[in-house]
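J.:
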Amino acid sequence: MSCRDNTVTPPSAINEALQLLGVRRLLLGIQDPAFPTAPGQDIGRGSPYGQAARDFLSFARRLGFNGVQLGPQGMTSPGNASPYDSTQFSRNPLSLDLAELTGTAGGNLLAASTLAELTQQEVAPAKSGQLDGARAWKTLARVEGELWTSFRAGQARGERSEMTADFARFQQDEADWLVADGLYALLCRWYGERSWLDWTGPEAELDRHLWVPEQGKEQRATARQAQLVAQYQEGLTAYAFTQFLLDRQHQVLRRFAREVGLDLFGDMQIGFSSADAWFARSFLLPGYRLGAPPSRTNPEGQPWNYPLLDPDQYFDATGEPGPALRFLTRRVGRMFDEYDGLRIDHPHGLICPWVYRANQPDALAAVQGGARLFEAPDLDDHPDLARYAIARADQLDRSLPRHDDHWVSELDEDQVRRYDVQLATIMDVARARGRDTRAIACEILSTQPYPIQRVMALHGLGRFRITQKADLANPADVYRSENAQPEDWIMLGNHDTPPIWRLADQWLADGTARGHADYLAM
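Residue numbers for the sequence shown follow the numbering used here, so the first one is 1375 and each next one is one higher.
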């Protein structure tokens, strides 16, 4: 079966099988760097926007998949490639399909000779077909300037009028995040590619607090913003142009996916990038960070060091959405403009986040001694959290650890609605864009605290059932597929689990393969 075969309808037997099984959505999960590239176009990293990616997606459709789950597509950095630490608005320029930009459809912005030079460099056999982030970043640094210079040269010759008009609309529509993200990228470059927390120099203190100035420095901060925008006008416009090209290619991908019968799901990561934290600091919770408590998945817990939205700024004094919820609404609205559905990464962080004190010398010890933000009405070691408590003291089962799913034993309807504020905001945006619960996948894994269970039930949302983690000795285990409900998402693994063929080898080696085979046969 050739990937270039124009027929993308799966065999009727596959469709019939999915219907018999009651499977409404069969998604293929893949991160941007893992997409294939065509010969002569490999820069060390895949792109979802090239012809090779479209061929692969056509092949996936013929296998019976009716949707694709992408990972977070935000901007990363050379020092941290995790997409779950990436920007919430800006896309990663490493995902640009450079081959398209050498042709008419891409505006002939990149010389074919440049692409040939960059892709014909010798690649060590061990690296062939593997991610080579250093090479990809080096290529990007080379081509971004050429793309912008080429566009400006065409404008000067009176060409590219349609692209110019589209770019102007894009800049106007997305100005709020383009300016903030662009300024951050340019300031990081100025300060030696360091995070805003590590900026040093005469203006560093003001630049670190540019969007939330210290008392008495408001006018200086406003003047500094205007100065930086004027100083970096060319750089900000070039930054916006790269994002514009990514947006154009993404829209092409989405149209293609619709044509072949694939829904496109985005990944709404729970984390804030350093760029987001720098801009959003005025409406983030001070003094605490979001992490994962001890659990079956990670018995020691995980100090993620993510900031989180300040509950005091969910609403303003009149009861209207405050800056925190306006930011969330803007982010989710943009995502639903770009995807058919969303995977919500760790909805715990939206409903009942596990928090720990920031700036502690031992972050792991801090997260292990943390608490849930809305379930600490009277904890001696976290008195500052009492103001945010939704659960009352008499509703806590203190015979259990704080992170236990049943630490909160009961809630009334008003309390459930208070836990639901952020998820309800997401669902409101989804409905306004014509989506329903089938367009939402919530990454709830081994733990589901009682408040989350109640909130999820409000919306008819399900959880994840990762079958490779099934406990064969426990019929009630949450990962066993027979315990799934119609609204749940069943999967063999996710981005945190080993490939099934590696796991099968392990089962054979440790003697558990027979048990897994018997369970599957049953």
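Positions of the beta carbon are idealized from the N, C-alpha and C atoms, including for glycine.
Sort Glu1856, Asn1733 and Gln1687 by Cα distance to Leu1571 and report the nearest one.
T.: Asn1733
J.: Where does Arg1876 sit, in a helix, a strand or coil, going by DSSP?
T.: Helix, per DSSP.
J.: Under a three-way DSSP split, which group does Tyr1713 fall into?
T.: coil
J.: How big is the Cα-Cα spacing for Arg1582 and Tyr1688?
T.: 24 Å
J.: DSSP three-state call for Ala1806: helix, strand or coil?
T.: helix
J.: What residue does the alpha helix (DSSP H) around Gly1441 start on, and which one ends it?
T.: Where Gly1441 is concerned, there is no enclosing alpha helix (DSSP H), although the beta strand (DSSP E) it sits in stretches over Gly1441 to Leu1444.
J.: What are the uninterrupted segments assigned as alpha helix (DSSP H) that are 4 or more residues long and contained completely in the region 1470-1555, given in chain order?
T.: With a minimum length of 4 residues, the continuous alpha helix (DSSP H) runs that stay inside the region 1470-1555 are 1472-1475, 1486-1493, 1507-1530 and 1535-1547.
J.: Quick one: what's got a C-beta closer than 6 Å to Pro1385's C-beta in the same chain, skipping five residues either side?
T.: none
J.: Identify the residues that DSSP records as bridge partners of Gly1448: which are they?
T.: Arg1465
J.: Determine, using beta carbons only, whether Tyr1613 and Ala1542 come nearer to each other than 8 Å.
T.: no
J.: Give me the Cα-Cα distance between Leu1759 and Ala1527, rounded to the nearest whole angstrom.
T.: CA-CA distance, Leu1759 to Ala1527, rounds to 56 Å.
J.: Which two residues bound the contiguous alpha helix (DSSP H) that contains Trp1652?
T.: Ser1648 to Ala1654
J.: Can you give the beta carbon distance from Gln1842 to Leu1894, rounded, assuming they're within the 8 Å contact cut?
T.: That belief does not hold up - the Cβ atoms of Gln1842 and Leu1894 are roughly 11 Å apart, past 8 Å.
J.: In whole angstroms, what is the alpha-carbon distance linking Val1897 and Leu1444?
T.: Nothing about residue 1897 can be read from this structure; the chain reaches only from 1375 to 1896.
J.: Between Leu1716 and Asp1879, what straight-line distance do the alpha-carbon atoms span, to the nearest angstrom?
T.: Using only the alpha carbons, I get a separation of about 33 Å.
J.: Excluding the five sequence neighbours on either side, which residues of its own chain have a C-beta within less than 6 Å of the C-beta of Gly1645, listed in chain order?
T.: Tyr1458, Asp1459 and Tyr1680
J.: How many Å lie between Cys1377 and Gly1836 at the Cα?
T.: The pLDDT assigned to Cys1377 is 46, lower than 50, so where the model puts this residue is not dependable, and the model offers no usable value.
J.: Should the region 1609-1629 be called in touch with the region 1503-1522, which here means at least 3 C-beta pairs below 8 Å?
T.: yes
J.: CB-CB under 6 Å to Leu1402, same chain, minus the five flanking residues each way: which ones, in chain order?
T.: Ala1434, Phe1439 and Val1442
J.: Return the CA-CA distance between Leu1505 and Tyr1713, expressed in angstroms with no decimal places.
T.: 25 Å
J.: If you follow the alpha helix (DSSP H) that Ile1725 is in, where does it begin and where does it stop?
T.: Ile1725 -> alpha helix (DSSP H) spans His1722 to Ile1725.
J.: Who does Ala1815 pair with in a DSSP beta bridge?
T.: Arg1717
J.: How would you call Asn1466, buried or exposed, if buried means at least 16 neighbouring beta carbons within 10 angstroms?
T.: buried
J.: Given a threshold of 16 other Cβ atoms within 10 Å of its Cβ, counted over all protein chains shown, does Gly1744 qualify as buried or as exposed?
T.: That one is buried.
J.: Check this for me: beta carbons of Ala1474 and Gly1420, under 8 Å apart or not?
T.: First, the amino acid is wrong: residue 1474 is Glu here, not Ala. It is not a contact, given that the beta carbons lie outside the stated cut-off.
J.: Roughly how many whole angstroms lie between the Cα atoms of Met1375 and Phe1430?
T.: In this prediction, Met1375 scores a pLDDT of 34, lower than 50, which makes its location untrustworthy; the coordinate-derived value is nonetheless stated afterwards. For Met1375 and Phe1430, the gap between their C-alpha atoms comes out near 12 Å.
J.: If we count the other Cβ atoms within 10 Å of its Cβ and call it buried at 16 or more, is His1624 buried or exposed?
T.: Burial of His1624 is indicated by the presence of at least 16 other C-beta atoms within 10 angstroms of its C-beta.
J.: In angstroms, rounded to a whole number, what distance separates the CA positions of Ile1818 and Asp1862?
T.: 10 Å
J.: How many Å lie between Asp1471 and Gln1405 at the Cα?
T.: Cα-Cα distance, rounded: 15 Å.
J.: Out of Leu1724, Glu1749, Ala1510 and Gly1477, which one is the CA nearest neighbour of Ser1469?
T.: Ala1510
J.: Could you pull the DSSP bridge partners for Ile1417 from this structure?
T.: For Ile1417, which the question treats as bridged, DSSP gives no partner whatsoever.
J.: Quick check: what's the CA-CA separation for Ala1412 versus Gln1643?
T.: Those two C-alpha atoms are separated by around 29 Å.
J.: Is Gly1640 helix, strand or coil when you go by DSSP?
T.: strand
J.: Over what stretch of residues does the alpha helix (DSSP H) that includes Gln1625 continue unbroken?
T.: Gln1607 to Val1634
J.: I think Phe1525 touches Arg1531, with their Cβ atoms under 8 Å apart; what is that distance to the nearest whole Å?
T.: About 11 Å; that fails the 8 Å criterion.
J.: Are Arg1563 and Phe1710 closer than 8 Å when you measure CB to CB?
T.: no
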